[in-house]
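Just below is one structure, and these are the notes that go with it.
In the working numbering, the protein residues as written are 4 to 65.
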(Lines of atoms letter the chains of each structure in order from A and count residues from 1; the text may use other names and numbers.)
(Lines give C-alpha, C1' and ligand atoms only; values in the text may rest on other atoms or scores of the structure.)
Protein backbone atom coordinates (compact mmCIF):
# COMPACT_ATOMS: atom_id res chain seq x y z
CA UNK A 1 0.00 0.00 0.00
CA UNK A 2 2.88 2.37 0.74
CA UNK A 3 3.98 2.47 -2.87
CA UNK A 4 0.51 3.65 -3.99
CA UNK A 5 -0.24 6.29 -1.35
CA UNK A 6 1.75 9.04 0.29
CA UNK A 7 1.34 8.93 4.07
CA UNK A 8 3.31 12.10 4.76
CA UNK A 9 0.86 14.49 3.10
CA UNK A 10 -1.74 15.53 5.73
CA UNK A 11 -4.32 16.19 3.00
CA UNK A 12 -3.40 13.15 0.94
CA UNK A 13 -5.36 10.18 -0.28
CA UNK A 14 -5.01 8.11 2.89
CA UNK A 15 -6.32 10.98 5.02
CA UNK A 16 -9.28 11.41 2.65
CA UNK A 17 -10.12 7.69 2.76
CA UNK A 18 -10.12 7.66 6.58
CA UNK A 19 -12.13 10.89 6.68
CA UNK A 20 -14.85 9.34 4.51
CA UNK A 21 -14.82 6.12 6.56
CA UNK A 22 -15.20 8.11 9.78
CA UNK A 23 -18.18 9.97 8.30
CA UNK A 24 -19.94 6.75 7.26
CA UNK A 25 -19.21 4.75 10.41
CA UNK A 26 -21.94 6.29 12.65
CA UNK A 27 -24.57 5.55 9.99
CA UNK A 28 -23.38 1.96 9.62
CA UNK A 29 -23.49 1.47 13.41
CA UNK A 30 -27.03 2.89 13.48
CA UNK A 31 -28.18 0.46 10.79
CA UNK A 32 -26.58 -2.50 12.57
CA UNK A 33 -28.19 -1.53 15.88
CA UNK A 34 -31.58 -1.04 14.19
CA UNK A 35 -31.37 -4.51 12.63
CA UNK A 36 -30.72 -6.01 16.08
CA UNK A 37 -33.80 -4.28 17.53
CA UNK A 38 -36.24 -5.23 14.77
CA UNK A 39 -38.53 -8.15 15.46
CA UNK A 40 -38.77 -10.39 12.44
CA UNK A 41 -42.11 -12.08 11.97
CA UNK A 42 -42.89 -15.00 9.75
CA UNK A 43 -46.45 -14.14 8.81
CA UNK A 44 -48.37 -16.02 6.16
CA UNK A 45 -51.15 -13.42 6.17
CA UNK A 46 -50.83 -9.63 6.17
CA UNK A 47 -50.82 -8.06 9.62
CA UNK A 48 -53.88 -5.82 9.88
CA UNK A 49 -53.75 -5.24 13.65
CA UNK A 50 -53.77 -1.48 13.17
CA UNK A 51 -57.00 -1.74 11.15
CA UNK A 52 -58.67 -4.37 13.32
CA UNK A 53 -57.91 -2.56 16.58
CA UNK A 54 -60.03 0.46 15.58
CA UNK A 55 -63.29 -0.55 17.25
CA UNK A 56 -64.70 3.00 17.39
CA UNK A 57 -66.28 2.81 13.96
CA UNK A 58 -64.55 6.05 12.97
CA UNK A 59 -62.58 5.76 9.75
CA UNK A 60 -59.37 7.72 9.78
CA UNK A 61 -57.01 8.36 6.91
CA UNK A 62 -53.38 9.34 6.94
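Virtual Cβ for every residue (Gly too), placed ideally from N, Cα, C.
| Item | Value |
| --- | --- |
| Opening and closing residue of the alpha helix (DSSP H) in which residue 17 lies | 16 to 40 |
| Spatial distance of residue 32 from residue 40 (CA atoms) | 13 Å |
| Alpha-carbon to alpha-carbon, residue 27 and residue 35 | 13 Å |
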